[in-house]
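Trainee: Residue numbers (this note's numbering), protein chains in the order written: chain A, 141 to 570; chain B, 141 to 570.
Note that CB positions come from ideal geometry on N, CA and C, so glycine has one too.
Number of protein chains: 2
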Amino acid sequence: MSAPLAVGIAGLGTVGAGVARLLTENAAIIAARAGRPIVVRAVSARDRGRDRGIDLTGLTWHEDAVALAADPAVDVVVEVIGGAEGPARALAEAALIAGKPVVTANKAMMAVHGAALAALAERHAVPLAFEAAVAGGIPVIKALREGLAANRIDRIAGILNGTCNYILTAMREHGHEFADVLAEAQRLGYAEADPSFDVDGIDAAHKLAILAALAFGRPVAFSAVHVEGIRHVSATDIAFAGELGYRIKLLGLARRMEHGISARVHPCMVPEASPIARVDGVYNAVVAEGDFVGRVMLQGRGAGAGPTASAVVADLIDIARGRAAPVWGADARALSDAPSVAIGAHIGAYYLRLMVVDRPGVIADVAAALRDHGVSLESMIQRARSAGEAVPVVLVTHETEEAAMARALARIAALDAVMETPTLIRIEHV
Amino acid sequence: MSAPLAVGIAGLGTVGAGVARLLTENAAIIAARAGRPIVVRAVSARDRGRDRGIDLTGLTWHEDAVALAADPAVDVVVEVIGGAEGPARALAEAALIAGKPVVTANKAMMAVHGAALAALAERHAVPLAFEAAVAGGIPVIKALREGLAANRIDRIAGILNGTCNYILTAMREHGHEFADVLAEAQRLGYAEADPSFDVDGIDAAHKLAILAALAFGRPVAFSAVHVEGIRHVSATDIAFAGELGYRIKLLGLARRMEHGISARVHPCMVPEASPIARVDGVYNAVVAEGDFVGRVMLQGRGAGAGPTASAVVADLIDIARGRAAPVWGADARALSDAPSVAIGAHIGAYYLRLMVVDRPGVIADVAAALRDHGVSLESMIQRARSAGEAVPVVLVTHETEEAAMARALARIAALDAVMETPTLIRIEHV
């Protein structure tokens, strides 16, 4: 058996400690699959005294994470510090420049600086691997980059944030409002104290940007992703969705369109019979649609120490075996220059919920606004009637251009009889 | 860009023609992902005159498939002839001995001769790739061999035969009997004229043997797979399954047990809420359960020219990039020697349907037979009563050892009042 692959881990939080534990517990399996042992030689973290449930005896401790790049005893750097900037980025850059492969779980860094890091990796001919950055242990990066590599991918769709999926699932199952379920999720540890990164869709957008770059063979373009979170999804909308045969999911969606690539993260209504509609709780799922393979869906746990460590160590095994791939699936000069398409060009059907004062002429005004912008209706629900009080009116449109829908919506929102900001949820047939 | 990778295709049926078409239609995408063009240089098939919808101009035509191994213009051999023996095996062996990578879609050959072929590939240090052998375009081989490689896999389960899944789905949806749905499937081209390879579970067993070898890191052991097909599944059983909250699926199942690995293919009752129960029609799915990653499920089209070609070309791209893995995930000497466990040692719950003459004492006799072999009942359904005629009695057992169940069943089948061979279907919580 060849010499061990020596790993330096930067960051000993849940994921870093999980990687160390996995490399120890499954050492024999990993050595067999990797063709040689993979061992931790050095670590870096903030608090040296903290008990992380792992044995650090004999490991070099670096106060400064970036020092791992220069440690001659380290062959590969595992970056699990997190954050797009700061020590994570500095370490990744230093390691690549030093000719050391980098394995990272850092979606923010890959989404925001992935193009520059890929250039650095290519220039120094060093692997930069990031399976753990998207959908935890589900090997979706490898599937898009290698397994489905022969296909022209036309569309990807994913449940990419377990916190949001947990909240939406719990809202549906118990009929509770967002704020109540969020508080419960925080109590259970499924949501952070500051949940905005998750519930505002930013985390899912980071992951979608990464998947879209791989799927469409183009440089990562996070700033072009349209992002909406789930704060405005109400129990009422979830109930109406059920009535209409849909479930509400926060999806990341990217599509090859005539004039470029659209990428967006927002709550969607998906038909309840579609496989992705059935992926509940903290589970993640990614659907990829290729011209030869058709639709392939992968699902599993999208977060947590175990799944994330599984992905990190899979990358380490690839490196130990000498299996490498360009960061975005092709060398920089072979990447596509397809432009990003703005959300205004999106064509789709919409669910629109208004709270209106129930008086004559309101529906006529709403219908006129839609008609004047070329939006045609598929169906309408107006059930509860209560003179003087606001009642929900739900409209489902046929396919229409988002820009037209936005103009119609602005006019509708300005009507006197419309009491709250209307809720608009895109309908997606995934 | 480097020199093209020159491919020789043996077999120009649906899959071979699909590979040629994919390499042409997506040439630019494939070259970008592979780092160099992948081009067909030579082919071999039986009938030179047949129109396959692909342009064979400029390609060398070999009457004898094995000649592809010796053709100096061929870098890689794609074997899509099929069959465990004959020209397929002769070509694979000749190519490996000649130091040429082999890409095959041949599950029978890999299941039956996979250990010997792996030894040959290892001796000559040549890749032998077979993503297309299992579950069409779903990258399940790559997932088990690389994506989940850090895990101790405890269990795999899969819907591995689209024909059987189509038949079982149609039986459930329309309440028809097996023979009628099979005839319809044959008419639609979803089942072969001689369907026994599919409906008797052999095709699924080939695929399960391959998956189990990869999942558990052991040499492929097809002859140790317990195989039952779906011919004995009746509309009555499917209706009872629905009533009990289950769906009937033909599953391939392999599990790490205390004394070795069990591998079996048979109809199963799976809880209708489990994700695999929802995979209908010609779709395939594979669930893998790892100690760190948890459960991961992959689903998609398991057959057809497009999906299979997608998998073959993914393997070619790996070879073009120089990405290689040992055939069974580890070098031969690092493979596990865990023995195979016979079906008699299986522990599980059972659905048992008897057709009994409705007269006093029958149920007491059946219950006594079960009790005497230590099998305890969870529930019983006996609905239709019709003096003198056979009526169905359905028994659901608690977990019990298969050997005990088999002994109890033999005694029950011998009872005078039991009119037909009892139907036994294992209950699996996948």
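List the DSSP bridge partners of residue 407 of chain A.
Mentor: Paired residue(s): A:390.
Trainee: At a Cβ cut of 9 Å, what residues of the segment 468-486 of chain B count as close to chain D, listed as they run along the chain?
Mentor: Going by chain labels, chain D is absent from the structure shown, which instead holds the protein chains A and B.
Trainee: In terms of residues, what are the limits of the beta strand (DSSP E) holding residue 194 of chain B?
Mentor: Here residue 194 of chain B belongs to no beta strand (DSSP E), and DSSP marks it neither H nor E.
Trainee: From B:303, B:276 and B:301, pick the residue whose C-alpha is nearest to that of residue 448 of chain B; which is it?
Mentor: Of the candidates B:303, B:276 and B:301, the one whose C-alpha sits nearest the C-alpha of residue 448 of chain B is B:276.
Trainee: Express the C-alpha separation of residue 516 of chain A and residue 329 of chain A in angstroms, rounding to a whole number.
Mentor: Taking the straight line joining both Cα atoms gives about 44 Å.
Trainee: Leaving aside the five residues before and after residue 337 of chain B along the sequence, list all residues of the same chain whose C-beta is less than 8 Å from its C-beta, in chain order.
Mentor: Around residue 337 of chain B: 343.
Trainee: Residue ranges of each alpha helix (DSSP H) run of no fewer than 4 residues wholly in the segment 439-525 of chain B, ordered along the chain?
Mentor: Complete alpha helix (DSSP H) runs here, min 4: 445-461 and 502-512.
Trainee: Going by CA-CA distance only, name the one from B:441, B:148, B:372 and B:474 that's closest to residue 273 of chain B.
Mentor: Out of B:441, B:148, B:372 and B:474, B:441 has the C-alpha closest to the C-alpha of residue 273 of chain B.
Trainee: Checking the sheet assignment: what are the DSSP bridge partners for residue 424 of chain A?
Mentor: Partner(s): A:440.
Trainee: Quick check on the DSSP output: the alpha helix (DSSP H) that includes residue 321 of chain A runs from which residue to which?
Mentor: Its alpha helix (DSSP H) spans residues 318-328.
Trainee: Taking 8 Å as the threshold (beta carbon to beta carbon), is residue 288 of chain B in contact with chain A?
Mentor: Answer yes: the Cβ-Cβ gap between residue 288 of chain B and chain A drops below 8 Å somewhere.
Trainee: Would you say residue 439 of chain B reaches chain A, if we count a Cβ-Cβ gap shorter than 8 Å as a contact?
Mentor: So, interface residue.
Trainee: Classify residue 535 of chain A as helix, strand or coil using the three-state DSSP reduction.
Mentor: Correct three-state label for residue 535 of chain A: strand.
Trainee: Which one or two residues does DSSP pair with residue 121 of chain B in a beta bridge?
Mentor: With chain B covering 141 to 570 only, the question about residue 121 of chain B has no answer from this structure.
Trainee: By the DSSP assignment, the alpha helix (DSSP H) with residue 165 of chain A in it spans what residues?
Mentor: From DSSP, the alpha helix (DSSP H) with residue 165 of chain A extends over 154-165.
Trainee: Would residue 157 of chain A pass as an interface residue toward chain B - the criterion being a Cβ-Cβ separation below 8 Å?
Mentor: No, no contact with chain B.
Trainee: At a CB-CB cut-off below 7 Å, which residues of chain A make contact with residue 458 of chain B?
Mentor: The contacting residues are 286.
Trainee: Measure the alpha-carbon distance for residue 288 of chain A versus residue 334 of chain A and round it to whole angstroms.
Mentor: Cα-Cα distance, rounded: 37 Å.
Trainee: In angstroms, rounded to a whole number, what distance separates the CA positions of residue 82 of chain A and residue 375 of chain B?
Mentor: Chain A is shown only over 141 to 570; residue 82 of chain A falls outside these bounds and no answer can be derived.
Trainee: Between residue 179 of chain A and residue 148 of chain A, which are expected to be in contact by the criterion C-beta below 8 Å, what is the C-beta distance as a whole number of angstroms?
Mentor: Actually they are not in contact, since the Cβ atoms of residue 179 of chain A and residue 148 of chain A sit about 11 Å apart, beyond 8 Å.
Trainee: Could you name the residues of the same chain whose beta carbon sits closer than 8 Å to that of residue 470 of chain B, not counting the 5 residues immediately before and after it, in chain order?
Mentor: Correct list, in chain order: 357.
Trainee: Any idea if residue 237 of chain A is buried or exposed, counting beta-carbon neighbours within 10 angstroms, 16 or more meaning buried?
Mentor: That one is exposed.
Trainee: Taking just the CA atoms, how far does residue 400 of chain A sit from residue 478 of chain A?
Mentor: Each residue's Cα considered, the two are about 5 Å apart.
Trainee: In three-state terms, what does DSSP make of residue 373 of chain B?
Mentor: Coil.
Trainee: Do we get a CB-CB distance below 8 Å when we pair residue 424 of chain A with the residues of chain B?
Mentor: Chain B contact via Cβ: absent.
Trainee: For the segment 404-417 of chain A, enumerate the residues whose C-beta is nearer than 8 Å to any C-beta of chain B, in chain order.
Mentor: Cβ contacts with chain B: 415.
Trainee: Work out the CA separation of residue 225 of chain B and residue 217 of chain A for me, nearest whole Å.
Mentor: Each residue's Cα considered, the two are about 47 Å apart.
Trainee: Counting only the same chain and skipping the five closest in sequence on each side, list residues whose C-beta sits under 6 Å from that of residue 206 of chain B.
Mentor: Here the set comprises 230, 231 and 234.
Trainee: To the nearest angstrom, how far is it from the Cα of residue 262 of chain A to the Cα of residue 474 of chain A?
Mentor: Rounded to whole angstroms, residue 262 of chain A to residue 474 of chain A spans 12 Å at the Cα level.
Trainee: Using a C-beta to C-beta distance shorter than 7 Å, which residues of chain B count as neighbours of residue 152 of chain A?
Mentor: Those within 7 Å of residue 152 of chain A in chain B number zero; the least Cβ separation is about 17 Å.
Trainee: Here's a check: name, in chain order, each residue in its chain whose Cβ is nearer than 8 Å to the Cβ of residue 397 of chain A, leaving out the five neighbours to either side.
Mentor: Closer than 8 Å at the Cβ level, and outside the excluded window around residue 397 of chain A, lie 481 and 485.
Trainee: With distance defined between alpha-carbon atoms, name the residue in A:223, A:201, A:221 and A:222 nearest to residue 214 of chain A.
Mentor: The option with the nearest alpha carbon to residue 214 of chain A is A:201.
Trainee: Verify the CB distance criterion: does residue 162 of chain A have a CB-CB separation below 8 Å to chain B?
Mentor: Yes, its Cβ sits closer than 8 Å to a Cβ of chain B.
Trainee: How is residue 148 of chain A classed by DSSP in three states: helix, strand or coil?
Mentor: If DSSP states are grouped into helix, strand and coil, residue 148 of chain A belongs with the strands.
Trainee: Helix, strand or coil for residue 288 of chain B per DSSP?
Mentor: It is coil, neither helix nor strand.
Trainee: Would residue 156 of chain A pass as a contact of residue 185 of chain A if the rule is Cβ separation under 8 Å?
Mentor: Cβ atoms of residue 156 of chain A and residue 185 of chain A: closer than 8 Å.
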